[in-house]
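A short worksheet on the structure shown next.
Number of protein chains: 2
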Amino acid sequence: MNKVLVVDDEPALARALAINLRAHGWEVVTAADGRSALEAAAGEHPDVVVLDLGLPDLDGTEVIAGLRGWTSLPIVVLSARQHGEDKVEALDLGADDYVIKPFAMNELLARLRAAVRRSQAPAPEESVVVAGPLEIDLARKRVSRDGADVRLTPTEWSFLELLARNVGRLVPREQVLREVWGPAYEHETHYLRVYAAQLRRKLEDDPSHPRHLITSPGLGYTLQ
Amino acid sequence: MNKVLVVDDEPALARALAINLRAHGWEVVTAADGRSALEAAAGEHPDVVVLDLGLPDLDGTEVIAGLRGWTSLPIVVLSARQHGEDKVEALDLGADDYVIKPFAMNELLARLRAAVRRSQAPAPEESVVVAGPLEIDLARKRVSRDGADVRLTPTEWSFLELLARNVGRLVPREQVLREVWGPAYEHETHYLRVYAAQLRRKLEDDPSHPRHLITSPGLGYTLQ
DNA sequence: GCCCGCCTTGATGGTTCCTTGACGGGCACC
DNA sequence: GGTGCCCGTCAAGGAACCATCAAGGCGGGC
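Below is the structure:
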């Protein structure tokens, strides 16, 4: 199921959107201002953001800039302003699409689907990544080792998923911290060690001599 | 310069678009019907397609489907139809964006920029530099020699990467020091010798008679 | 309200890597 | 042949980084 973050300061509209989106199979989280939107984007890992311009605390463009600083997560902007430069500005800042209020629900749904599809397309994304005795099913968020299911915590999964999507490639430490914990955690390298150790204990035959979750000191981690 | 393929059967509109786009720095090729649009997309390698629905020969949705069969090239649909399902249908078929006529030129330009940026951002920069038995994969940060992986430290990698990005060219000592250690280290030439030696020990068959990591005394280093 | 799972944080010990120094060789020039 | 310069090599100390264990705190589920 795809997850969408709805950012809107009008409770009525936010609730209406949430109900409609849930009815169409989306998992919905909401935020009422820019600050909590940025937090939620980092903490909830949505697949797409619906962003209403004109929030109480931050300008909508600041929210876009704040997100684009660390993620390419698709953003669909929602606005009542029919004319003017803000549409162009939002797109140039890195928004992915723009819908004018009032809008037809099925149009918004189509644009969300398009945004998510685009963002996922470039990852050729076999939904199951195999590494030795490990099978990582990205779509179902499941991992098995020698055929037996392995239970992971949300953070462990997020870490492993990132490595799996770049299987065979070295993923830099900063990228792991940014994408798993959020942009404010780029220097919390201790987390990496703790979670790498936890994953190894669950996934490796000999956790102290890992063969699949490999550390490159000072650089990052590789799944192979 | 970015190249755009404009598909429109009205010569007047097509010409107006082409002039405007060229004025904003785009390289423009045009097609007046669906069949030639598909050919042009294959032959001209545009960065983005602007597609007017309602062509004489093929339905616009068929053009989208025809393109999506083999490429993920971004498509911006142009249409006069204000309402109805075709907007949703076009997006779901794989169009990347949708602009309704009449439209503001700067909006179309912004959407084109956004579409191109999106399509290029995730391009994983598949560049592998080969020098004799060495293969240097810049994206994966991996080096192999005769097919076997070679482990490098962060500083060694940074040094080698710089040389690999300028393979065959002499990289001045000062540039190496600046880009690997930072601007304050421009005169620490000793570092160069130590790390050049370490790299040779890992990469060369006979480290004391290097064939790939070449020193030009007083000038700099070359990878070949 | 309690319990449990998970995240965070600290402490410790081991490893890797960077920096720095010392020494010898080749080369040009005097 | 001596001198100076630059390069290559080796080695050691210390800093940065990693692995592991464990405990406290927080929140969600019951």
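Chains A and B, in that order, are what the protein sequence lines are.
Positions 21 to 244 (this note's numbering) are the ones given, in order, by the first sequence.
Positions 21 to 244 (this note's numbering) are the ones given, in order, by the second sequence.
For every residue, glycine included, the Cβ atom is placed at its ideal position computed from N, Cα and C.
For A:SER164, does the three-state DSSP call read helix, strand or coil?
Strand at A:SER164.
State the CB to CB distance for the pair A:HIS37 and A:VAL26, rounded to an integer number of angstroms; the pair is presumed to be in contact (CB under 8 Å).
Looking at the sequence itself, residue 37 of chain A is Leu, so the reference to His does not match. Their Cβ separation, rounded to whole angstroms, is 5 Å, which keeps A:LEU37 and A:VAL26 in contact under 8 Å.
Would the beta-carbon of A:LEU75 fall within 8 Å of that of A:GLY54?
Contact: yes.
Who are the neighbours of A:VAL149 on chain B, taking C-beta pairs under 8 Å?
The contacting residues do not exist; A:VAL149 stays about 15 Å from chain B at best.
Looking at the secondary structure, which residues open and close the beta strand (DSSP E) in which A:ALA51 lies?
That run of the beta strand (DSSP E) goes 47 to 51.
Thinking just about the alpha-carbon of each residue, which of B:ILE39, B:LEU78, B:ILE95 and B:ARG35 is nearest to the one in B:PRO66?
When only C-alpha atoms are compared, the closest one is B:ILE95.
Is B:ASP112 helix, strand or coil by DSSP?
Correct three-state label for B:ASP112: helix.
Closest to A:PRO192 by C-alpha separation, out of A:ALA85, A:GLY238, A:ALA34 and A:VAL97, would be which residue?
It is A:GLY238.
Could you pull out every residue in the same chain whose Cβ sits closer than 8 Å to the Cβ of B:LEU212, ignoring the five residues on either side in sequence?
Cβ neighbours of B:LEU212 beyond the five flanking positions: ARG193, VAL196, LEU197 and TYR241.
Within 10 angstroms of the Cβ of B:ILE84, are there 16 or more other Cβ atoms? Answer buried if so, exposed if not.
Flag for B:ILE84 reads buried.
Mind checking which residues open and close the beta strand (DSSP E) that includes A:SER236?
It spans 233 to 236 - the beta strand (DSSP E) in which A:SER236 sits, taken as one unbroken run.
Could you give the C-beta distance for B:ALA61 and B:LEU113, rounded to a whole number, given that I count them as a contact under 8 Å?
No, B:ALA61 and B:LEU113 are not in contact; Cβ-Cβ is about 15 Å, not under 8 Å.
Determine, using beta carbons only, whether B:HIS232 and B:GLN244 come nearer to each other than 8 Å.
Contact: yes.
Less than 8 Å between the beta carbons of B:VAL119 and B:GLU109, yes or no?
Their beta carbons are not under 8 Å apart, which means B:VAL119 does not touch B:GLU109 by this criterion.
Output, in chain order, the set of chain A residues within a Cβ distance shorter than 9 Å of B:PRO174.
Ordered by position in chain A, the residues that pass the 9 Å Cβ test against B:PRO174 are SER236, PRO237, GLY238 and LEU239.
How long is the line joining the alpha carbons of A:GLU208 and B:ALA57, rounded to whole angstroms?
Those two C-alpha atoms are separated by around 51 Å.
What's the C-alpha gap between B:TRP46 and B:ASP117?
Straight-line Cα distance between these residues: approximately 18 Å.
Can you tell me whether B:ARG42 is buried or exposed, with buried defined as 16 or more other CB within 10 angstroms of its CB?
Answer is exposed; the Cβ neighbour count stays below 16.
Count Cβ pairs between the stretch 153 to 160 of chain A and the stretch 156 to 166 of chain B that sit closer than 8 Å; are there 3 or more?
Result no; under three Cβ-Cβ pairs closer than 8 Å.
Please classify B:ALA151: does DSSP put it in a helix, a strand, or coil?
Three-state result, B:ALA151: strand.
Within 10 angstroms of its Cβ, does B:TRP90 collect 16 or more other Cβ (buried), or is it exposed?
Exposed, because fewer than 16 other Cβ atoms sit within 10 Å of the Cβ of B:TRP90.
Kindly indicate which three-state DSSP category A:SER139 falls into: helix, strand or coil?
Helix, per DSSP.
Could you give the first and the last residue of the continuous beta strand (DSSP E) run that contains B:GLY240?
That run of the beta strand (DSSP E) goes 240 to 243.
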